Each structure stands twice: as structure tokens, then as C-alpha cells.
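Per the working numbering, residue 103 is the first one in the sequence shown, and the count goes up by one each step.
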Amino acid sequence: MNLQPVLLKYWGFSTFRPLQEEVIRSVLDGQDTLALMPTGGGKSLCYQVPTMAGEGLCIVVTPLIALMKDQVQNLKNRGIKAIAVHHGMSRLEMDIAIDNCVYGDVKFLYLSPERLTTDLLRVRIPKMNVSLLAVDEAHCISQWGYDFRPPYLRIAEVRELMPKTPVLALTATATPDVIKDIQEKLEFRKPQVFRKSFERKNLAYMVLEEEDKLNRLLNICRKVSGPGIVYARNRKKTREIAQFLQRYKVSADFYHAGLTTPDRDKKQKAWMTEKARVMVATNAFGMGIDKANVRFVVHMDPPDCPEAYFQEAGRAGRDGKKAFAVLLFNKADITDLQQHHEQSFPPIDFIKRVYFGLGNYFQLAIGTGKDQTMQFNLNDFSENYALNPILTFNALKFLEREGYIALSDALSSPSRVFCSIDKEELYRFQLSTPSYDSFVKILLRSYSGIFTEFVKINETDLAKRLKISREDVVKRLQWLQQVNILQYEPQNEMPGLTFLEGRLQEDQLRISPEVYHERRKFAKKRLDAIIHYAKRKNNCRSITLLNYFGENIRQRCGQCDVCIERNKAEVSNYEFDLILKEIKPVLQQSPIPLKGLLGGIPPSMSEEKVIRVVQWLIENEKVRLLEDGISMKWAE
Numbered sequence: 103m104n105l106q107p108v109l110l111k112y113w114g115f116s117t118f119r120p121l122q123e124e125v126i127r128s129v130l131d132g133q134d135t136l137a138l139m140p141t142g143g144g145k146s147l148c149y150q151v152p153t154m155a156g157e158g159l160c161i162v163v164t165p166l167i168a169l170m171k172d173q174v175q176n177l178k179n180r181g182i183k184a185i186a187v188h189h190g191m192s193r194l195e196m197d198i199a200i201d202n203c204v205y206g207d208v209k210f211l212y213l214s215p216e217r218l219t220t221d222l223l224r225v226r227i228p229k230m231n232v233s234l235l236a237v238d239e240a241h242c243i244s245q246w247g248y249d250f251r252p253p254y255l256r257i258a259e260v261r262e263l264m265p266k267t268p269v270l271a272l273t274a275t276a277t278p279d280v281i282k283d284i285q286e287k288l289e290f291r292k293p294q295v296f297r298k299s300f301e302r303k304n305l306a307y308m309v310l311e312e313e314d315k316l317n318r319l320l321n322i323c324r325k326v327s328g329p330g331i332v333y334a335r336n337r338k339k340t341r342e343i344a345q346f347l348q349r350y351k352v353s354a355d356f357y358h359a360g361l362t363t364p365d366r367d368k369k370q371k372a373w374m375t376e377k378a379r380v381m382v383a384t385n386a387f388g389m390g391i392d393k394a395n396v397r398f399v400v401h402m403d404p405p406d407c408p409e410a411y412f413q414e415a416g417r418a419g420r421d422g423k424k425a426f427a428v429l430l431f432n433k434a435d436i437t438d439l440q441q442h443h444e445q446s447f448p449p450i451d452f453i454k455r456v457y458f459g460l461g462n463y464f465q466l467a468i469g470t471g472k473d474q475t476m477q478f479n480l481n482d483f484s485e486n487y488a489l490n491p492i493l494t495f496n497a498l499k500f501l502e503r504e505g506y507i508a509l510s511d512a513l514s515s516p517s518r519v520f521c522s523i524d525k526e527e528l529y530r531f532q533l534s535t536p537s538y539d540s541f542v543k544i545l546l547r548s549y550s551g552i553f554t555e556f557v558k559i560n561e562t563d564l565a566k567r568l569k570i571s572r573e574d575v576v577k578r579l580q581w582l583q584q585v586n587i588l589q590y591e592p593q594n595e596m597p598g599l600t601f602l603e604g605r606l607q608e609d610q611l612r613i614s615p616e617v618y619h620e621r622r623k624f625a626k627k628r629l630d631a632i633i634h635y636a637k638r639k640n641n642c643r644s645i646t647l648l649n650y651f652g653e654n655i656r657q658r659c660g661q662c663d664v665c666i667e668r669n670k671a672e673v674s675n676y677e678f679d680l681i682l683k684e685i686k687p688v689l690q691q692s693p694i695p696l697k698g699l700l701g702g703i704p705p706s707m708s709e710e711k712v713i714r715v716v717q718w719l720i721e722n723e724k725v726r727l728l729e730d731g732i733s734m735k736w737a738e
């Protein structure tokens, strides 16, 4: 099958990126396939192209609602019918959307994992012509992964409903243990694994221990031209850092999940069009944003694990040109990181207290509330029950990982309407209720598809066209809902909380101490890995990261902070390794003066270069001078 016409018709590309075509052909051959591709490697085309090249529908499982919405909109912009079903939707909205997948010409159904196994879907999936099941962020299925989500474990159950449908698992961050786990948990048959090296030869990793981070950041912004992203740990810092940069004439803005949707959209657009050169943000920014010419990514604080760092840093230099990933840290950051780890695992009794508090807060009876999404204010909840907000948030995240609840930020939930009667009945209503005739006509002219699915509307635009106030538009829509003419879902900017099961009794909420401590142990292991990455000054940064992800790379990048320091010694990587191999065992054995060390090296080895290597080792605290100022010894 010639795939180029499909690629060109819908995406405007004449050629595939490395590995894309191999993955696509594996899927078209009906093979269960795992694709490991770096951030920005074009993972989505690996399931979009084969779906458009053949018959049937593709179900895409992804945990990221914001990304899901972006993907659906992008596909619609290309003339491809796509639908998203997630926990921010009402049951009726989901019902209509899923019906369109059974009876309509929908090509892509995006699902959040907890929605995949609802009764609503289990009954309908066998009626759909599903050609492919794509699992994005597939590392979420593994308990060894950094973002384990139990609802992913139930994907295998859904495979039983479509036994002949192949699965494509995609991830940009997976260690060897996770790779094995993904295939087992998704019940791969004759698995095919495609792995593109995570090495980014154009990306220079820098780690700088720095007390005055703001001025160091300012220097980076001045020295490196082009767009940049600066990551900060909390929302307050994003504003403060952006204001600092603005004071020094750097075009900067800030972004976090607490902003309103219009504000987030406006800021993102300004950065995409480079009206704002530098975006200072929490990790809520960047996922799914396709901007190839980002020249630098700076982390003002170390993230919790190498996976998160690698994914965020990888947003720089997607165009293949030189870019920089800089991590700024100091000793206080390491302490903060360790405290943050402790707070991430509140005591089990506290987690249970939060869960039962939620039931009372929402006034849910035992056994009720399943699949209900409610507006949720963390601060209000914490104050009501005298709970520490940080510990409460982490308890909620733990309950989410266990599959009891689902949380969503204040994501874009614009107003939607759906006409719940047919055209003839609506026409009769217009004749019998002339005061609403012009309102209904303008609504129908303004928004197509209103009889088949929930359609996004803008009350302000309608008000202008009708020459009435926005409040009047809302009142009319509410009345039309009361008389069962249409269904109206008003805009919502509040964060949401969904109960994935009916409210449980105290003895039904099971949090295994073994699972709890195992999770904590894995998180600590990942924390230690990022601290190790930050503090080590003698290993090439690229090699350290790639080795963590199971790639046995030995050739140094030559451009990270460690390699640059070595280059200053005017010794090649090959010579450095050769000299180190010769002198390290001697220095580990017992203290020795430089003269004695030089006396034991082979005649073919340059004394001058040995001295440069020794100087570098002393400066980087790998070798220490003893009190006599002459003898030295290996420091580890």
C-alpha cells in the first residue's frame, strides 16, 4: 500500500519521519506494536495515517484531556471526523458521542482510560468497526512507570471485545522494565517493538549549580536567541520570574493551569507567534504544543524524576538545530525535592479521611455518585475539613492513581447545546411559540450539527446577532432545556472531580500498605536518579540520561557542561578514557604524589595530558589532595 498520498492529502507531508512508516506498516499487517519515540517524534501520525488509509475507526486511549481536545480539533480542521469522550462530559454527551461512533462516519474516538471500561462503552464497542486500538502515554500502564494509572490496566479487558483488532502502544519515556511491562499488560500477540534512539545530538544538556538563578536565567535569555520555555515548580514563581525578565526587557509571559481558558489560549498564541519570546510555566505547559524552533528550555527547579525532565527538556530543538536544555539547582532545591517526595505520600489514614470527606462534601449517599463529575474547589474543601491543602492534593492524586476518582484542571469546557427533538418537531414548536422562532432560527444558522451531537456555542456571539443581552440568551437556552427542546451545558471553568465508582463504605476502601510502600519506593528511586543526574560532574549528561532509559551509549556528546569542561583540558574523549583507565586503580589503591603517578604511566602516554586529566579530576572533586598538599587519592 502506498501511504504517501494519505500523508500528503491530510497532513501536507511528502515523506515520513524516521521509524514512522515501519510502525504504520506493522499496524497495517495486524501486528501488536510498541513504538518508543522521543518527544516531538511524530507519534500521533503512527495511528492516524493507517486509520485514514483503511476502513474503520481508531480508538485512542490517552490520559491528557487538554491534548485529547487539541488532537480532535486538529483532525476536524483537516476535514477528519473525530470525537473525544472524557470525564468532563455529562452522561448524555457521552451517549450521543458514542452513538455517532456506532452509526456515523467517525474515524477517531479519543477516550480517557477510566471511560474505556464503562458500561456505556462496553455495550457499544462490539457494534463499532474498530480497526486499531492506540494507547498513548503507554508507560502509564506500568507500575514501574513514573505516571502509573490503574485504569490503564483494564485496557486488556476491552481487547476481548475486539479480539482481531491490533494494538499500538506509544511512549516517549520508558525504561527496560516498563517496555516489558507494557507488552505483558496489553497482552501483546507476536509483538513488534520499534525503538528510535532517544539521543538528541542537537540538544546540549547543561546542569549549573547556582545560588543566583534569576541572573543566570537572564544571561541565558540574552545569550541564546529565539523562543524559550522556563519551567518553575509553582504558579506564583511563574508570574514572579516572568515579571523579573520583563523588567530587563526580555519579552516574557507566564502560564499555569489556574488561569482562565481565554487567558491560557491568549498567552499560548502569543508565544506560538513569538509576540512573547519566553514562556515561564508550570509543567501544565508544552504537552501537545508543536513548536519546532524552541532554542532553550530552562528548569528553575529539578523535577521529580528523569522521565519528566527528559520529556520537558525535549521540547527544545525539534527542528534539528542547536538548542539547550538547562537545569539550574542549588543545595536548597535538593532538600525541597526530598520534602516534596515525603509530602507526595500522605499517611494511608489521611488518604482515607480525604476520601470520606469528599463523600460528605458532595453529599453523596453510599453507593451513589458513579461517573458523576462535580465542580471542585480544593481550598474550600481543605478549609471545610481542616486539612492541609498540600497533603490533601497529594491524597487526591493517590486516590486518582488507584482509580477511585479522576481530577481535571480548569480545562476549556465551552458551552454546548444539542437538539433533543427532530427537525419536524422543532418546526412545530417554532410555529406554536413565535416568541422563540427567531432565536431558534439564528441558533440553527450559527451552528451546524446540532441535531446529531453536542455543539460548542458562544452566548456572547448569539447575543450580538439577536441584539439582546448575554443574560437573556442564557435564560432562553435554560428555558428551552426545561421544556425538553434542547440540552444545554453551560461553560465551566472550575476544576472537576469525577467519582469513578459509587461512594464506598469505610470497609470497602482498600489501600494496600504493600502497594503504597512499593509506589513510594519506586518514586524514591526515580528521585534519587534525578538528584544523581544533577550532582554528578564527571559523566556526560546525554550518556547518563540515555543509560537510564536502557540505551548503552558510550560516546560522549561533546557539548554538555561536563564534556565542555573536559574539552578545556585539550584531551580527546578517547585519550581521557585511556588515561583514566590507567590512573584510577592506582589512585584508588593508596595515596600517591603526582610524581609517583607519572612514573607509573606507559612511555607512550603524554605526561602533560595526564597532568591535565588529574587537574580536571581534582577540580571536579573526583580526586582529593591530602593535607600534605602533595599526595592525592581517589575521592569515591
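Glycine residues also receive a C-beta, built at the ideal position from the N, C-alpha and C atoms.
Here the structure is a predicted model, which means the values were calculated and not measured.
Using the beta-carbon count (16 or more within 10 Å), is A508 buried or exposed?
What you label residue 508 is simply residue 406 of the sequence shown in a count that begins at 1. A508 comes out buried.
Between E123 and Q150, what straight-line distance do the alpha-carbon atoms span, to the nearest angstrom?
-> The residue given as residue 123 occupies position 21 in the sequence shown. The residue given as residue 150 occupies position 48 in the sequence shown. Answer to the nearest angstrom: the Cα atoms are 12 Å apart.
Three-way DSSP call (helix, strand, coil) for L602 in this model:
For this step, residue 602 is matched to residue 500 along the sequence shown. Reduced to three states, the DSSP call for L602 is coil.
If you run the structure through DSSP and keep just helix, strand and coil, what is M191? Position 89 of the sequence shown holds residue 191. DSSP places M191 in coil when its eight states are reduced to three.
Three-pair Cβ contact test at 8 Å for the segment 132-142 versus the segment 292-299:
In short, these stretches touch, since the Cβ pair count reaches three.
Do V396 and A354 have their C-beta atoms within less than 8 Å of each other? In the sequence shown, counting from the first residue as 1, residue 396 sits at position 294. In the sequence shown, counting from the first residue as 1, residue 354 sits at position 252. No, Cβ-Cβ distance for V396 and A354 is not below 8 Å.
Discussion item. Rounding to the nearest angstrom, what Cα-Cα distance links I613 and I391 in this structure?
Written reply: Translated into positions along the sequence shown, residue 613 becomes position 511. Translated into positions along the sequence shown, residue 391 becomes position 289. If I take the Cα positions, the gap works out to 36 Å.
Spatial distance of D473 from G604 (CA atoms)
Against the sequence shown, residue 473 aligns to sequence position 371. Against the sequence shown, residue 604 aligns to sequence position 502. Taking the straight line from one Cα to the other gives about 8 Å.
**Prompt:** Between the C-alpha atoms of I739 and F553, what's the straight-line distance to the nearest angstrom?
**Reply:** Nothing in the structure corresponds to residue 739, since the chain is present only between 103 and 738.
Problem - Limits of the unbroken alpha helix (DSSP H) element including M389 - result: For the purposes of this step, residue 389 is taken as residue 287 along the sequence shown, with counting starting at 1. Segment: none, M389 is in no alpha helix (DSSP H) and carries neither H nor E.
### Task
Check each candidate in A631, K686, D207 and Y538 and name the one with the smallest Cα separation from V585.
Locating residue 585 in the sequence shown gives position 483, counting from the first residue. Checked all of A631, K686, D207 and Y538; the closest Cα to V585 is Y538.
**Item:** F431, enclosing beta strand (DSSP E) - first and last residue
**Value:** Against the sequence shown, residue 431 aligns to sequence position 329. Per DSSP, F431 belongs to the beta strand (DSSP E) from A425 to F431.
DSSP three-state assignment for W736, whether helix, strand or coil: Numbered from 1 along the sequence shown, position 634 holds the residue referred to as residue 736. Three-state result, W736: strand.
Practice task
Tell me, please, which residues DSSP counts as bridged to K558.
Solution key: By 1-based counting over the sequence shown, the position of residue 558 is 456. Answer is R518.
For M170, report the span of its beta strand (DSSP E) as first-last. As a position in the sequence shown, residue 170 is number 68, starting the count at 1. From DSSP, M170 is part of no beta strand (DSSP E) but of the alpha helix (DSSP H) over I167 to N179.
message: At 3 residues or longer, what runs of the beta strand (DSSP E) sit wholly inside the segment 446-521?
response: 475-477, 507-510 and 518-521
Exposed unless 16 or more other CB atoms sit within 10 angstroms - verdict on A488
Taking the sequence shown and counting its residues from 1, the one referred to as residue 488 is at position 386. So A488 counts as exposed.
Open item on the list: Considering only the alpha carbon of each residue, which of E444, T646, G469 and E526 lies closest to N496?
Closed with: Here the question's residue 496 lines up with position 394 in the sequence shown. The residue with the shortest Cα to Cα distance from N496 is E444.
- prompt: If you compare alpha carbons, which of Q106, N176 and E591 is closest to G190?
  reply: By 1-based counting over the sequence shown, the position of residue 190 is 88. The option with the nearest alpha carbon to G190 is E591.
For G459 and P449, I'd like the C-alpha separation in whole angstroms. The count along the sequence shown starts at 1 and reaches residue 459 at position 357. The count along the sequence shown starts at 1 and reaches residue 449 at position 347. Distance between the alpha carbons of G459 and P449 is about 15 Å.
Notebook entry, point to check: When the Cα atoms are used, what is the spatial distance from K266 to I167?
Noted result: The count along the sequence shown starts at 1 and reaches residue 266 at position 164. The count along the sequence shown starts at 1 and reaches residue 167 at position 65. When the Cα atoms are used, K266 and I167 turn out to be separated by approximately 28 Å.
When you compare only the Cα positions, how much space is there between A236 and L602? Taking the first residue of the sequence shown as 1, we reach residue 236 at position 134. Taking the first residue of the sequence shown as 1, we reach residue 602 at position 500. In a straight line, the C-alpha of A236 is about 22 Å away from that of L602.
**Q.** beta strand (DSSP E) runs wholly inside the segment 261-342, at least 3 long, in chain order
**A.** Counting only runs of 3 or more residues that sit fully inside the segment 261-342, the beta strand (DSSP E) segments are 269-273, 294-297, 305-311 and 330-333, in chain order.
* To do: Inspect the beta-carbon positions of I685 and V712 and report whether they are closer than 8 Å.
  => Here residue 685 refers to the residue found at position 583 of the sequence shown. Here residue 712 refers to the residue found at position 610 of the sequence shown. Closer than 8 Å, so yes.
- Task: Can you have a look at D365 and say buried or exposed, based on whether 16 or more other CB atoms are within 10 angstroms of its CB?
- Result: To locate residue 365, count along the sequence shown from 1; it is residue 263. Exposed, since its Cβ has fewer than 16 Cβ neighbours within 10 Å.
- Query: How long is the line joining the alpha carbons of E527 and A186, rounded to whole angstroms?
  - Reply: Against the sequence shown, residue 527 aligns to sequence position 425. Against the sequence shown, residue 186 aligns to sequence position 84. Taking the straight line from one Cα to the other gives about 29 Å.
Original post:
How far does the alpha helix (DSSP H) with Q691 in it reach, from first residue to last?
Top reply: Locating residue 691 in the sequence shown gives position 589, where the first residue counts as 1. N675 to Q691 is the extent of the alpha helix (DSSP H) around Q691.
*Please report how far the alpha carbon of A386 lies from the alpha carbon of K339, in whole angstroms.*
Numbered from its first residue, the sequence shown carries residue 386 at position 284. Numbered from its first residue, the sequence shown carries residue 339 at position 237. Distance between the alpha carbons of A386 and K339 is about 14 Å.
Report task. Classify A359 as helix, strand or coil using the three-state DSSP reduction. Result -> As a working note, residue 359 is residue 257 in the sequence shown. Here A359 sits in coil by DSSP.
Practice prompt. Would you identify the three-state DSSP class for Y248, choosing helix, strand or coil?
Written response: Sequence index remark: in the sequence shown, residue 248 carries index 146 (1-based). Note: Y248 maps to coil in three-state DSSP.
Q.
Using CA atoms only, rank isn't needed, just tell me which of R224, Q477 and I703 is closest to L213.
A. To locate residue 213, count along the sequence shown from 1; it is residue 111. Answer by Cα proximity: R224.
Residue range of the unbroken alpha helix (DSSP H) whose run includes Y590: Numbered from its first residue, the sequence shown carries residue 590 at position 488. Not the alpha helix (DSSP H): Y590 falls in the beta strand (DSSP E), residues L588 to E591.
**Report entry** Cβ pair T164, E239 closer than 8 Å
**Finding:** Position 62 of the sequence shown, counted from the first residue, corresponds to residue 164. Position 137 of the sequence shown, counted from the first residue, corresponds to residue 239. For T164 and E239, yes; Cβs fall inside 8 Å.
Fill in: Endpoints, the beta strand (DSSP E) within which C160 is located
The count along the sequence shown starts at 1 and reaches residue 160 at position 58. Under the DSSP assignment, C160 falls in the beta strand (DSSP E) whose first and last residues are L159 to V163.
N-terminal and C-terminal residue of the beta strand (DSSP E) that S233 is part of | Walking along the sequence shown from the start, residue 233 turns up at place 131. Counting along the chain, the beta strand (DSSP E) containing S233 begins and ends at V232 to V237.
Notebook entry, point to check: Looking at L272 and I129, is the spacing between their C-beta atoms short of 8 Å?
Noted result: Residue numbering aside, residue 129 sits at position 27 when the sequence shown is read from its first letter. Residue numbering aside, residue 272 sits at position 170 when the sequence shown is read from its first letter. Per the sequence presented here, residue 129 reads as Val, with Ile not at that position. Going by C-beta atoms, V129 is not nearer than 8 Å to L272.
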